[in-house]
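The structure appears right after this line, and notes come after that.
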Amino acid sequence: MTIDALPDAALVHRAEDPAGPWWRHAVIYQVYPRSFADASGDGVGDLPGVTARLDHLAELGVDAVWLSPFYRSPQADAGYDVADYREVDPLFGTLADADALIARAHELGLRVVVDLVPNHTSDEHVWFQAALAAAPGSPERDRYVFRDGRGEHGELPPNNWGSIFGGPAWTRTTDPDGTPGQWYLHLFDSKQPDLNWENPEVRAEFEQILRFWLDRGVDGFRVDVAHGMVKQAGLPDWDGHVTMIEGTDDADAVSGSGNHGPMFDQDGVHEIYRAWRTVLDEYDGDRAMVAEAWVEPLSRLARYVRPDEMHQAFNFAFLAAGWDGPALRRVVEASFVANDAVGAPTTWVLSNHDTVRHASRMGLSDPTHRPNGIGQGDEQPDAELGLRRARAASLLMLGLPGSAYVYQGEELGLPDHTALEDHLRQDPAFFRTGGVERGRDGCRVPLPWEGDAPGLGFSPTGATWLPQPAEWAELAADRQRGQAGSTYEMYRAALALRRSEQLGAGDLRWLDEDPHVLRFANRDVVVVANLGEDEVALPEGTEVLLASGPLGGTAQAPTVPAATTVWTRAQA
Ligand code: GLC
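One point on numbering: in my numbering, the residue at position 312 of the sequence shown is 840, and numbering is uninterrupted.
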C-alpha cells in the first residue's frame, strides 16, 4: 500500500511548511553549563568552555542551544536560585563571555535559548534582603509571599504545603530584634523564596529582564516552573504531595507527570504569558518561549501554548511514558490532538538535568520507572539493555514531527552516574529529604570529551566537580566521532536526515495497530520502533536509512529485533 492510499483515519498530524518559524520543528540541545565544558580549569563548566565546544553542536546538526541558568547565584540549586538576573556568575564567566557565546552560536547558525527563573529568586537577591530588613506589610515584603504563622504565637507555618525538595514550603524569619517573625513561602529550597506575581512591580521587572536578554540577541527563553507562579487566592491547605519527578497514580495514563494543587496551573499564569508574548513579538527574528510546566493532562498543558501565549511546552508525558509501546503511542496521539487544537508544535523530550538519563531509566527492571536519582544500594540498571532501548527511543523521538529536545550527553549514549557516593551529592533534594531521594546529581556529571585525557577532557586541569564513572571513557566524544554505529554518529545521521527529509515539519500516519510496534510514516520516511519481544518483519526490498542497532533477517528481508528502531524509505 502506498502512503497516499492510506485511510485518513491513520492520519494523526498534518505536515506543515518547513519554511515556517524555527521553533515549530527545531532540535534544541540542552547545555547544562556547569557540566558541559570547563575552560578555566576549576572543575566547573563555564561559558567560554561552551563557546569553545559549540562546533561539536554544529557538527551534530542541532538547530538551537538552550542554556540552563548561568546568572549570579549562590548555587543553592545549581543556579536555579538567581541573585541577579542581569549578571553572569563569576563561576561561569562574564557578560562579555555570554555575548561572545551568543555571537559564536549565531555564526554557526545555532539559535540560543536562555533559562528564565521567575517563580522564585535566591534569598541573596537584593529584593529578598530588603524584604527581610523591612517590616511586615511593607512594599518590600509584598514582592514575596510573607505571612504570619498560625498557632497562638505564629509558631506554625501559614499552611500545610510541602516543598518539592522535601520538608515544609515555609521558613520562619527572625526579626531584627532577634524574635521570631513572619514566614515566607518557598516551593523549592528555603534559599529560593517564591515571588508574589500579584505585585505589579514583579511583573514589570521580569518584562525588563526579558528585554535585557532579547537586546543581547537571545532567540528565546525556557521558562522555569511556568505553572507555579500564581497561587490560589488564600493559599488554602492541600493534602496532596508535590513532586517534580515522580508521576501521580492517576488513572490518566497519558501523562502521570503533573503537579496538582493550589500552587500549580492556576488560570492567572496565562495573563503573564500573554504579556510576555507581546514583548517578544516586538522583536524581530521569531523569538520564542518554552514552558517548563509539569501539567496534565496534555489538553491542559496546551493552554500554555495558545496562539497568544508561549510557543512551546515541554512534553513530559512523553518522557514519563518510558519504554512502553502502548503508553508511548497514546502520548504521541494525545500530544498531537492537544497541540494541533491550539495550532502549537508538539515537543518531545527523553532526558534533562532533573531526570535520570533515559539510557539508565530504560535499563531498569521496570523501564517506565522514574526514580529521583539512583545510588549505591539501589537497583542498578542493565547498561547494555538501557543503551539499546535508549538509542531506539531516541530514533523514535527524532522521527516524530515537531520539536525535539536533546540533553547534553545523550548523543553519546551516556548513562547516569548510578553509584555516586552520597557524600559527594549536591542536590538540595537529597538533603531536604534526609537522603530518601538521591536527587539529580547523577544526570549532571561533567561530559566526557576525550577518552584518554584527565577528567576525560572536561577541563584543562582534569578537575571535575563530580567524578565521572570509569566506563565513560569509551563513551567520550572523541572515541565515537567517525565510528560507524556509535551513538554519536547515529544522532548525527538522524539529525541530517531529519533535516533533509523535513521530518520536523512532517506528518504522522500510523501504519500498524500492534500496540508494541510503533510504525508510522512521516512524509517519505517510515519509522518502525519495536517495543515488543518479537522480531518485526520489514517488507521485502525495504530500503533501510538508519537503524538504532543491528538488524536481523537477511539483507533482502531484514527484520527489526526487540528494542530497535529503524527508519526506512516509504515504498511507492
Ligand atoms: C525547575 C528546574 C530544576 C529546579 C527547579 C527550581 O524544575 O528544571 O532544576 O530545581 O525548577 O527552580
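Think of the CB as a built atom: it goes at the ideal place given N, C-alpha and C, for glycine as much as any other residue.
Quick caveat: nothing in here was measured; it's all calculated off a predicted structure.
Nearest-angstrom beta carbon gap, residue j and residue i [assumed within contact, 8 angstroms]
i	j	result
A821	A754	4 angstroms
A1004	L1025	A1004 to L1025, Cβ: 25 angstroms. No contact.
P664	Q720	Their Cβ separation, rounded to whole angstroms, is 21 angstroms, which puts P664 and Q720 out of contact at 8 angstroms.
A1033	D545	7 angstroms
G789	V641	With 8 angstroms as the limit, G789 and V641 do not qualify as a contact, their Cβ atoms being about 29 angstroms apart.
V494	G796	Residue 494 cannot be examined here, being either before or after the span of the chain that is shown, 529 to 1100.
R614	I692	The Cβ separation is near 27 angstroms, so there is no contact.
G621	L575	4 angstroms
H653	H714	Actually they are not in contact, since the Cβ atoms of H653 and H714 sit about 13 angstroms apart, beyond 8 angstroms.
Other residues of its chain near residue i: CB distance less than 8 angstroms, five sequence neighbours each side excluded
i	result
R632	T579, L582
Q603	D609, D617, L619
H988	Checking the displayed sequence, the identity of residue 988 turns out to be Pro instead of His. Cβ neighbours of P988 beyond the five flanking positions: D566, A567, G569.
G1081	E1063, A1065, L1066, T1087
Spatial neighbours of residue i in its chain, beta-carbon cut-off 6 angstroms, leaving aside the 5 residues before and after
i	result
L1066	P1086
P997	H945
E774	Unreliable placement is indicated for E774, whose pLDDT of 42 sits below 50; the coordinate value is still reported in the next sentence. Within the same chain, E774 has no close Cβ partners at all.
A1090	N1058, E1061
G963	none
S783	No answer about S783 holds up, because its pLDDT of 47 lies below 50 and its placement is not dependable.
E587	none
Y935	Q558, S879, N880
D778	Any reading at D778 must be qualified, since the residue scores a pLDDT of 39, below 50, and its modelled position is unreliable; no value is offered.
S718	T699
Residue i and residue j closer than 9 angstroms at C-beta
i	j	result
R898	A848	yes
V593	L638	yes
V555	L926	yes
A830	A872	yes
V1053	A1098	yes
V1084	H881	Correcting the residue type first, residue 1084 is Gln in the shown sequence and not Val. The answer is no: Cβ separation not under 9 angstroms.
L915	A887	yes
G695	R953	no
W689	M791	yes
L595	P646	no
G970	I902	yes
S666	L994	no
D670	P686	no
V590	L1023	yes
L1039	R1047	yes
P818	V751	According to the sequence shown, residue 818 is Val rather than Pro. Yes; because the gap between Cβ atoms is below 9 angstroms, this pair is in contact.
H839	A816	yes
L1073	L928	no
R744	A626	yes
Beta-carbon proximity list for residue i, same chain, < 7 angstroms, skipping 5 on both sides
i	result
R802	D836, E837
E1071	T1096, R1097
P597	G607, Y608, V610, D643, V645
Y672	F656, A659, Y712, P721, D722, L723, N724
R1009	Y1016
V859	V782, A845, F846, A849
S827	A866
T874	N843, S863, F864, N867, G930
Proximity test, residue i beta-carbon vs the ligand SAH heavy atom, cut-off 8 angstroms
i	result
G979	Only the ligand GLC can be found as ligands here, which leaves the ligand SAH out of the picture.
Min CB distance residue i to chain C below 9 angstroms
i	result
A606	The structure shown contains no chain C; it is built from a single protein chain.
Only counting runs of 4 or more residues, tell me where the alpha helix (DSSP H) segments fall wholly within the region 856-920, in order along the chain. Runs found: 886-889.
Whole beta strand (DSSP E) elements within the region 1039-1083, 3-residue minimum: DSSP runs (the beta strand (DSSP E)) wholly in the region 1039-1083: 1045-1050, 1053-1058, 1072-1075.
Contained alpha helix (DSSP H) runs [length at least 4] in the region 951-1014, N- to C-terminal order: Runs of the alpha helix (DSSP H) inside the region 951-1014: 956-960, 1005-1008.
Residues near the ligand GLC, CB to any non-hydrogen atom under 6 angstroms, in chain order? Listed along the chain, these residues meet the criterion: D605, Y608, V645, F716, D752, V753, M772, E820, H881, D882.
At 3 residues or longer, and completely inside the region 674-707: list those beta strand (DSSP E) runs for me, N to C. Within the region 674-707, the beta strand (DSSP E) runs of at least 3 residues that lie entirely inside it are, in chain order, 698-702.
Complete beta strand (DSSP E) runs within the region 553-609 (minimum length 3 residues, chain order): Runs of beta strand (DSSP E) with 3 or more residues, each lying fully within the region 553-609, are found at 555-559, 592-595, listed in chain order.
Please give me, in chain order, every unbroken run of the beta strand (DSSP E) with length at least 3 that falls completely inside the region 710-784. Counting only unbroken stretches of 3 or more residues, the beta strand (DSSP E) elements lying wholly within the region 710-784 are 748-751, in sequence order.
Could you pull out every unbroken alpha helix (DSSP H) segment of at least 4 residues lying fully inside the region 613-681, listed in chain order? Within the region 613-681, the complete alpha helix (DSSP H) runs of at least 4 residues are 623-635, 654-661.
Starting from the N-terminal side, write out each stretch of the alpha helix (DSSP H) that is 4 residues or longer and does not extend beyond the region 781-861. Fully enclosed alpha helix (DSSP H) runs of 4 or longer: 797-809, 826-829, 844-848.
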